[in-house]
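Asks:
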Amino acid sequence: MASNPPVKVAVIGVGHLGKNHARVLRELPSAELVAVVDSREKVAREIAERFHCEALTDYRQLKGKVDAATVVVPTRHHYEVAKWLFENNIHALVEKPMAYTIDECQKLIELAKKQKRILQVGHIERFNPALKSIRNAMKTVAFIEADRLSPYPFRSTDVGVVMDVMIHDLDIVLSIADSEVEDIQAVCTPVLSKRFEDIASVRLTFKNGAVANITASRISDKSVRKMRIFCADSYLNLDFAAKQAWIYKKTPKLDQADFHVENLDVSNIDNLMQFVFNDLIRVEQVVIGEEEPLKEELRHFISCIQKGERPEVSGEEGLAAIRLAHDILRIAREHYEKHVPPEHRKW
Ligand SMILES: NC(=O)c1ccc[n+]([C@@H]2O[C@H](COP(=O)([O-])OP(=O)(O)OC[C@H]3O[C@@H](n4cnc5c(N)ncnc54)[C@H](O)[C@@H]3O)[C@@H](O)[C@H]2O)c1
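The opening residue of the sequence shown carries number 1 in this note's numbering; numbering runs sequentially from there.
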């Protein structure tokens, strides 16, 4: 059977993240990196030389040259660039957050549909092996704790920490809670930024009773990307940065009708910790491969184009995360204005 020809692709915006898109696309046999685009000519040239492709300074120069492009410019330009791509029959992977407004996201979804183009959103953590490895163990989610902290990036200053950082966990939580959000409590505060929040703490309650506590900070002195998921019969502990996951499960002993923890004679047990985490609860560290989430994400994008399949993170999912982010920001703003007198407000 003849294999598909490589998909001709370009990267638009080759700054901090976009240069990695270029590197990975250059490595994928299913893709042919035709060009990189950056409004800073020197940057475009340097990356094009490194990855042996054409350097362009205006994405409109891509017309007729590519089948697909990844949009890795600052968020304020996502809509304008992606819109032009779809209008010119080019498939697009748009980095997170998908766009500024709900209206922009909806327009991109409609346009991609009308033009029959693939629209994928760059929620890269969906391709993190830590998350993928525990998907099957995740049943009846009751409670989620997520922490995503990093030092101030001095990039992405056109959005706050909710749109920039927390959006990853909002997307993951929506994808695993399997229910609609019923209630939101949110507190945000700026620290270094003048216009945007740098720290956010959010509690979401879902219609099925699941609760998610999500914290994001971009003024932390350390980087943390962790999530803990409590299910009916298991506890899942994920470290996205280390790409590791642990599954805690009850042993069959706990389900025996005649077993009651209250009736145990603990005076005969030497090491209680060992007893709990061996006899009552089993801990399994999931063996995780070395795959790079960005490579998996871009491979998936190219494969969806070749097979005409809906991406795992579609425009609709990108929009759902943006909608939730907007609701969180509105509620946090109401809380801030209620409690901080006008003369002390910095946000
Ligand atoms: N998925 C993730 O984990 C992740 C991580 C980092 C950044 N991002 C997203 O990627 C995007 C870029 O972030 P970054 O950190 O790489 O930013 P960056 O500032 O390092 O890079 C952006 C690049 O785009 C170029 N650019 C700006 N406007 C342009 C235009 N109109 N046409 C062509 N080039 C243009 C800039 O010159 C710059 O080189 C943002 O949307 C950000 O949210 C996602």
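Where a beta carbon is used, it is the ideal one built from N, C-alpha and C, also for glycine. Computed from a prediction, not measured in an experiment: that's the story for all the values here.
Note down, in chain order, each residue of its chain lying with its Cβ closer than 6 Å to the Cβ of Val94, except the 5 sequence neighbours on either side.
Replies: Residue 94 sits at position 94 when you count from the first residue of the sequence shown. Excluding positions up to five away in sequence, the list reads Val71, His78, Ala82 and Val121.
Asks: Does any heavy atom of ligand 1 sit closer than 7 Å to the C-beta of Tyr59?
Replies: As a working mapping, residue 59 is identified with position 59 in the sequence shown. Indeed, a heavy atom of ligand 1 lies less than 7 Å from the Cβ.
Asks: Considering only their Cβ atoms, is the gap separating Thr75 from Asp169 smaller than 8 Å?
Replies: The residue you call residue 169 lines up with position 169 of the sequence shown. The residue you call residue 75 lines up with position 75 of the sequence shown. Not in contact: Asp169 and Thr75 (Cβ atoms no closer than 8 Å).
Asks: Taking only heavy atoms of ligand 1 into account, decide whether any of them is closer than 7 Å to the Cβ of Glu104.
Replies: Position 104 of the sequence shown, counting from 1, holds the residue named residue 104. No, the beta carbon of Glu104 sits no closer than 7 Å to any heavy atom of ligand 1.
Asks: Cα separation between His16 and Gln285?
Replies: Mapped onto the sequence shown, residue 16 falls at position 16. Mapped onto the sequence shown, residue 285 falls at position 285. Distance between the alpha carbons of His16 and Gln285: 32 Å.
Asks: I need the straight-line Cα distance from Val283 to Ala245, nearest angstrom please.
Replies: Locating residue 283 in the sequence shown gives position 283, counting from the first residue. Locating residue 245 in the sequence shown gives position 245, counting from the first residue. When rounded, the distance between both Cα atoms is 10 Å.
Asks: How about Val161 and Ile199: do their beta carbons lie closer than 8 Å?
Replies: Against the sequence shown, residue 161 aligns to sequence position 161. Against the sequence shown, residue 199 aligns to sequence position 199. Yes, Cβ-Cβ distance for Val161 and Ile199 is below 8 Å.
Asks: Below 7 Å, is the gap between the Cβ of Gly122 and the nearest heavy atom of ligand 1?
Replies: Taking the first residue of the sequence shown as 1, we reach residue 122 at position 122. Flag set: Cβ of Gly122 near ligand 1.
Asks: When burial is assigned at 16 or more other CB atoms within 10 Å of the CB, is Pro153 buried or exposed?
Replies: Here residue 153 refers to the residue found at position 153 when the sequence shown is read from its first residue. Exposed.
Asks: Looking at the unbroken alpha helix (DSSP H) that takes in Ile322, where does it start and where does it end?
Replies: As a working note, residue 322 is residue 322 in the sequence shown. Run containing Ile322: Gly315 to His339, per the alpha helix (DSSP H) assignment.
Asks: To which residues of the same chain is Asn20 closer than 7 Å at the C-beta, ignoring the five residues directly before and after it?
Replies: Residue numbering aside, residue 20 sits at position 20 when the sequence shown is read from its first letter. So the qualifying residues of the chain are Leu294.
Asks: For the beta strand (DSSP E) containing Leu264, list its first residue and its last residue.
Replies: On the sequence shown, residue 264 is found 264 positions in, with the first residue counted as 1. Leu264 -> no beta strand (DSSP E), and no H or E assigned at all.
Asks: Below 8 Å on the Cβ atoms is my guess for Ala242 versus Ala212; work out the distance and round it to an integer in Å.
Replies: Walking along the sequence shown from the start, residue 242 turns up at place 242. Walking along the sequence shown from the start, residue 212 turns up at place 212. With a Cβ gap of about 22 Å, Ala242 and Ala212 do not count as contacting.
Asks: For Asp38, is the beta carbon positioned less than 7 Å from some heavy atom of ligand 1?
Replies: Position 38 of the sequence shown holds residue 38. Within the cutoff, so yes.
Asks: According to DSSP, is Ile199 part of a helix, a strand, or is it coil?
Replies: Along the sequence shown, one-based indexing puts residue 199 at 199. Residue state, collapsed to three classes: strand.
Asks: Shorter than 7 Å, the distance from the beta carbon of Asp164 to the closest heavy atom of ligand 1, or not?
Replies: On the sequence shown, position 164 is the one that residue 164 refers to. Yes, since a heavy atom of ligand 1 falls inside the 7 Å radius drawn around the Cβ of Asp164.
Asks: Measuring only from the beta carbon, is Leu236 closer than 7 Å to any heavy atom that is part of ligand 1?
Replies: Numbered from its first residue, the sequence shown carries residue 236 at position 236. No, ligand 1 has no heavy atom inside 7 Å of this Cβ.
Asks: Can you tell me whether Asn88 is helix, strand or coil according to DSSP?
Replies: One-based indexing of the sequence shown puts residue 88 at position 88. Correct three-state label for Asn88: coil.
Asks: At which residue ranges does the stretch 63-118 contain complete alpha helix (DSSP H) runs of 4 or more residues, listed in the order of the chain?
Replies: Entirely contained in the stretch 63-118, the alpha helix (DSSP H) runs reaching 4 residues are, in chain order, 78-87 and 102-114.
Asks: With distances taken from CA atoms, which of Ala112, Arg135 and Arg218 is nearest Asp164?
Replies: Residue numbering aside, residue 164 sits at position 164 when the sequence shown is read from its first letter. If we check each option's Cα against that of Asp164, Arg218 comes out closest.
Asks: Examine ligand 1 and report whether any of its heavy atoms sits within less than 7 Å of the Cβ of Ser156.
Replies: In the sequence shown, the residue the question calls residue 156 occupies position 156. Yes, the Cβ of Ser156 comes within 7 Å of a heavy atom of ligand 1.
Asks: Would you list the residues sitting across from Trp246 in a DSSP beta bridge?
Replies: Along the sequence shown, read from residue 1 onward, the residue named residue 246 stands at position 246. Asn237 and Gln285.
Asks: Starting from Ser217, trace the beta strand (DSSP E) in both directions and tell me its first and last residue.
Replies: Sequence index remark: in the sequence shown, residue 217 carries index 217 (1-based). Run containing Ser217: Val211 to Ser217, per the beta strand (DSSP E) assignment.
Asks: Taking the CB atoms as reference points, tell me whether Leu69 and Ala10 lie closer together than 8 Å.
Replies: On the sequence shown, residue 69 is found 69 positions in, with the first residue counted as 1. On the sequence shown, residue 10 is found 10 positions in, with the first residue counted as 1. Strictly speaking, residue 69 in this sequence is Ala, with Leu absent from that position. It is a contact, given that the beta carbons lie within the stated cut-off.
Asks: Span of the beta strand (DSSP E) holding Leu349?
Replies: Any question about residue 349 goes unanswered here, given that the chain covers just 1 to 347.
Asks: By the 10 Å Cβ neighbour count, where 16 or more other Cβ atoms means buried, how is Asn89 classified, buried or exposed?
Replies: Mapped onto the sequence shown, residue 89 falls at position 89. So Asn89 ends up on the exposed side.
Asks: So what does DSSP say about Ala22, is it helix, strand or coil?
Replies: Translated into positions along the sequence shown, residue 22 becomes position 22. Three-state DSSP puts Ala22 in a helix.
Asks: Just to check my reading of the structure: Ile184 and His326 have Cβ atoms closer than 8 Å, yes? What is that Cβ distance to the nearest angstrom?
Replies: As a working mapping, residue 184 is identified with position 184 in the sequence shown. As a working mapping, residue 326 is identified with position 326 in the sequence shown. Rounded, the Cβ-Cβ distance is 11 Å, inconsistent with contact.
Asks: If we count the other Cβ atoms within 10 Å of its Cβ and call it buried at 16 or more, is Gly318 buried or exposed?
Replies: Here residue 318 corresponds to residue number 318 of the sequence shown, with the count starting at 1. Burial call: buried.
Asks: Determine contact between the stretch 333-347 and the stretch 179-196, defined as no fewer than three beta-carbon pairs at a distance below 8 Å.
Replies: Verdict: yes, contact present.
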